[in-house]
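Taking it in order: structure first as structure tokens, then the write-up.
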Amino acid sequence: NKEILSSLPTEVLQLHKHSIEASIISGSHYHTRVLIPRIKLIPCDANIPFILHQTQFPVHLSYSMTINKAQGQTFDRFGIHLPQPCFTHGQLYVAFSRAKAMNS
């Protein structure tokens, strides 16, 4: 479902030749497994005498690190994924205090 996948953070479980198997890691669809298919892109406004076809996965690159690795750094925007509870309250404080502003 396009609406489900749009802008939702996912965790890649497996890479296949024609799809990516992923699990949604937040929101009301948490832990829902999804297949992200390759899509064909054909530019319609190109002023060229031939048709270009490109097939790719509709995904964006993102980076992750552990809470301990993030300690001492600040970020403009970030998200926190906690599949398991933090083992100390100090660890949770470190995670939440990495933002430059509260609305990030």
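As numbered in this note's numbering, the sequence shown has no gaps in its residue numbers, which increase by one up to the final residue, 85.
Here a beta-carbon is modelled for each residue, glycine too, at the ideal position from N, C-alpha and C.
Predicted model, so just to flag it, every value in this text is computed and none were measured.
#1: Just reading off the alpha helix (DSSP H) that LYS50 is part of, what are its end residues?
#2: Would you kindly work out how many angstroms separate the C-alpha atoms of GLN54 and ILE48, rounded to a whole number?
#3: Mind reading off the beta-carbon distance from LEU(-6) to SER4? Whole number of angstroms is fine, and I expect it under 8 Å.
#4: Within its chain, find whatever has a CB closer than 6 Å to the CB of LEU95; leave out the 5 residues flanking it on each side and keep chain order.
#5: For LEU16, write down the residues that DSSP places opposite it in a beta bridge.
The answer reads as follows:
#1: Here the alpha helix (DSSP H) through LYS50 covers 48 to 51.
#2: Taking the straight line joining both Cα atoms gives about 10 Å.
#3: Right, their Cβ atoms sit about 6 Å apart.
#4: Summary: the structure shown does not reach residue 95, with the chain confined to residues -18 through 85, and so no result is reported for it.
#5: DSSP output for LEU16 lists GLU2 as bridge partner(s).
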